[in-house]
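K.L.:
Got a structure for you, written out below as structure tokens; questions coming shortly.
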Amino acid sequence: MKTKWKARLRLWGKKRGGRMSGWWFIGSLGEALFFAIVFLIGVFLSAILISWQLMSQSTQPLKVGYGFWLFLGVCLSFAVLGIVGFWYRVLKVVTSDEHREVIGKRGIIPEPLSGSHPMKKPTPVPSIPDVRRFTDSPGARLAYRLPSQIPENGALVALGIFAMAWSAMIAVFVVMAADAYLRSSVPWQLVFLLIPGIYVAIRSARLFFRSFIRTLGIGSTTVEIEDLPLIPGREYRLEVVQYGRLVIKKIAVRLECQEESTYHFGTDLRTERQTVFSQEIASHGRDRIDWGYPLRLECSFCVPEDAMHSFQSKHNAIHWKIVVDGEANRWPSYSRSFPVVVYPSSRLSQAIVAS
Amino acid sequence: MIRLIGLQPTYMPGQTIEFEYRVANIDRGSIVAVECSVCWVTEGKGTEDLGVHFFQRLAGDSLAAIDWSIAQKIACPLPISPVSYEGKLLKISWCVRVRFFLGDGTELMAQQPFYLGMLTREV
Numbered sequence: 067m068k069t070k071w072k073a074r075l076r077l078w079g080k081k082r083g084g085r086m087s088g089w090w091f092i093g094s095l096g097e098a099l100f101f102a103i104v105f106l107i108g109v110f111l112s113a114i115l116i117s118w119q120l121m122s123q124s125t126q127p128l129k130v131g132y133g134f135w136l137f138l139g140v141c142l143s144f145a146v147l148g149i150v151g152f153w154y155r156v157l158k159v160v161t162s163d164e165h166r167e168v169i170g171k172r173g174i175i176p177e178p179l180s181g182s183h184p185m186k187k188p189t190p191v192p193s194i195p196d197v198r199r200f201t202d203s204p205g206a207r208l209a210y211r212l213p214s215q216i217p218e219n220g221a222l223v224a225l226g227i228f229a230m231a232w233s234a235m236i237a238v239f240v241v242m243a244a245d246a247y248l249r250s251s252v253p254w255q256l257v258f259l260l261i262p263g264i265y266v267a268i269r270s271a272r273l274f275f276r277s278f279i280r281t282l283g284i285g286s287t288t289v290e291i292e293d294l295p296l297i298p299g300r301e302y303r304l305e306v307v308q309y310g311r312l313v314i315k316k317i318a319v320r321l322e323c324q325e326e327s328t329y330h331f332g333t334d335l336r337t338e339r340q341t342v343f344s345q346e347i348a349s350h351g352r353d354r355i356d357w358g359y360p361l362r363l364e365c366s367f368c369v370p371e372d373a374m375h376s377f378q379s380k381h382n383a384i385h386w387k388i389v390v391d392g393e394a395n396r397w398p399s400y401s402r403s404f405p406v407v408v409y410p411s412s413r414l415s416q417a418i419v420a421s
Numbered sequence: 137m138i139r140l141i142g143l144q145p146t147y148m149p150g151q152t153i154e155f156e157y158r159v160a161n162i163d164r165g166s167i168v169a170v171e172c173s174v175c176w177v178t179e180g181k182g183t184e185d186l187g188v189h190f191f192q193r194l195a196g197d198s199l200a201a202i203d204w205s206i207a208q209k210i211a212c213p214l215p216i217s218p219v220s221y222e223g224k225l226l227k228i229s230w231c232v233r234v235r236f237f238l239g240d241g242t243e244l245m246a247q248q249p250f251y252l253g254m255l256t257r258e259v
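Chains as they are written, first to last, in my numbering: chain C, 67 to 421; chain L, 137 to 259.
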């Protein structure tokens, strides 16, 4: 009995993967109490602040200004954080996983059978990404132009923002140092601080412009497709256009299926991806591309008959995409992805009709 | 105890799943609530996701009206997706799940897995 209580009251439970070695009840109760206290503090402070400020005419300890609104905002955020956290923890304890999921999004809730078998229409393609996101851009030759998923573009924007912000900050310090120097007092501490700062500014600006020139030089890639969503077993036409001014050594177009899982590793959130299917659908050898004369690749492909459809849930996904890999003279090799949506196979659709 | 009618392990999307459940060796008066659901769960490397397709909670008057001496039958049309899947990083499994909540705070859970569709592997 003693060891049992010792285990229950242990503060630091060793974490083993997703399992808890501590007593879950104490943990859940502690969390709920914490958020309840945060809520009460928020409400209490808000009440005090409002009553002092608005009710009491004689003593006005705080003037209505930025400070008042800031303090009120902090108090209210405590109250909101507390009430949301409290109810989330309470629901986690008093309801089952399924019940919470249903509360989150109302699903199909048929009544229990009473002799008859009422047939409800199944929901259209649940857990599959919305195809409208992929079909809102019409193509020039084929039906749709696929949205591109180029991770380098995000990095380029982030690098640009960092380079600009850092250079602006350094410029301000340089002006301050120059001003002090003109008034015959050299701020040595600031000067020593500026040396590495200027180095970082030059390196980040250089890196940004190199990435920018690389993006401009290789040029954009567009992919147009005959139809969406894709049904396994059917054939679809595809057109890949590579713009820019460069000599291509090789360009290859692949159809890929990738599994994606997001998980907690300690306090980190990690995402792992694994390609489970890859098929080359077109390739082109050495060729020269110039402004106004892009490289056009036309091909057709077919998603395997027994392929898994696209899938998206909170932490797991199955993505299908068209990947364009290129190698060019004087430029680093590049890879660009164009996601597509695959629906369940026609064989399953026929089974639906038959049933 | 949960029993799928016909002991059919595989269902096609859009087909109706029929199953029944009954409770044994429990004081019927101690049952506070019963939850029955048809759901899919992901297993594997990623954090587990749950999708509830069908959910029914019986409590209060609706629970009192139930005759536990006969099996409770439920039928529900299955969705088109997600179909059952066994990949490298993730697995999608379908199951029928019944939970009994007793007056003393005890929770009893039973589940019966089944396949939706014909897929069992990646691609």
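The C-beta atom is built at its ideal place from N, Cα and C for all residues, glycine as well.
Since this is a predicted model, take the numbers as computed values, not measurements.
Name, going along the chain, the residues of the segment 327-361 of chain C whose beta-carbon falls closer than 7 Å to a beta-carbon of chain L.
P.N.:
Answer set for the segment 327-361 of chain C: S327, T328, Y329, H330, E338, Q340, V342, F343.
K.L.:
Using the three-state DSSP reduction, which class does K68(C) fall into: helix, strand or coil?
P.N.:
Confidence at K68(C) is low in this model, with a pLDDT of 45, below 50, so the placement of that residue should be treated as unreliable; the coordinate-derived value is given next. K68(C): helix per DSSP, three-state reduction.
K.L.:
May I ask you to list the residues that DSSP assigns as paired with W254(C)?
P.N.:
None, per the DSSP bridge assignment.
K.L.:
What residue does the beta strand (DSSP E) around A211(L) start on, and which one ends it?
P.N.:
Segment 208-213, the beta strand (DSSP E) holding A211(L).
K.L.:
Compare the C-beta of S162(C) against all C-beta atoms of chain L and say whether one is closer than 8 Å.
P.N.:
Yes, because at least one Cβ of chain L sits closer than 8 Å to the Cβ of S162(C).
K.L.:
Once you ignore the five residues that flank A246(C) on each side, which residues in its own chain have a CB closer than 8 Å to its CB?
P.N.:
For A246(C), where only same-chain residues beyond five positions count, the Cβ hits under 8 Å are V252, P253, L256.
K.L.:
By alpha-carbon positions, which one of P149(L), M254(L), N161(L) ends up nearest to S205(L)?
P.N.:
Nearest option by C-alpha distance: N161(L).
K.L.:
Hey, does F191(L) have any beta-carbon neighbour from chain C nearer than 8 Å?
P.N.:
True, the Cβ-Cβ gap to chain C drops below 8 Å.
K.L.:
On the three-pair Cβ rule with 8 Å, is the segment 145-165 of chain L touching the segment 208-218 of chain L?
P.N.:
As far as the Cβ criterion goes, the segment 145-165 of chain L touches the segment 208-218 of chain L, which means the pair count is three or higher.
K.L.:
Distance, Cα to Cα, L244(L) vs V168(L)?
P.N.:
Each residue's alpha carbon lies about 12 Å from the other.
K.L.:
Taking C-beta pairs closer than 8 Å, name the residues in chain C that P249(L) reaches, listed in chain order.
P.N.:
Here the premise fails: no neighbours, minimum Cβ distance about 15 Å.
K.L.:
Taking E325(C) as the query, report the chain L residues whose CB atoms sit under 8 Å from its CB, ordered along the chain.
P.N.:
Those are G223, K224, L225, L226, E258, listed as they occur along chain L.
K.L.:
Of the choices F105(C), S112(C), S117(C), E167(C), whose alpha-carbon is the least far from that of V188(L)?
P.N.:
With distances taken between Cα atoms, V188(L) lies closest to E167(C).
K.L.:
Using a Cβ-Cβ cut-off of less than 8 Å, list which residues of the segment 377-392 of chain C approach chain B; keep chain order.
P.N.:
No chain B appears in this structure, whose protein chains are C and L.
K.L.:
For I355(C) and G310(C), what's the separation of their Cα atoms in angstroms?
P.N.:
I355(C) and G310(C): Cα-Cα distance of roughly 6 Å.
K.L.:
Let me make sure I understand the geometry here. Which of A243(C), Y400(C), V369(C) has the alpha-carbon closest to that of W386(C)?
P.N.:
Here the closest residue by C-alpha is V369(C).
K.L.:
Identify the contact partners of R235(L) in chain C, using a Cβ-Cβ distance below 7 Å as the criterion.
P.N.:
Result: S162.
K.L.:
Could you please give the first and the last residue of the uninterrupted alpha helix (DSSP H) stretch that includes L208(C)?
P.N.:
Per DSSP, L208(C) belongs to no alpha helix (DSSP H) and is neither H nor E.
K.L.:
From F343(C) to K224(L), what does the alpha carbon distance come to, in whole angstroms?
P.N.:
Their Cα atoms are separated by approximately 11 Å.
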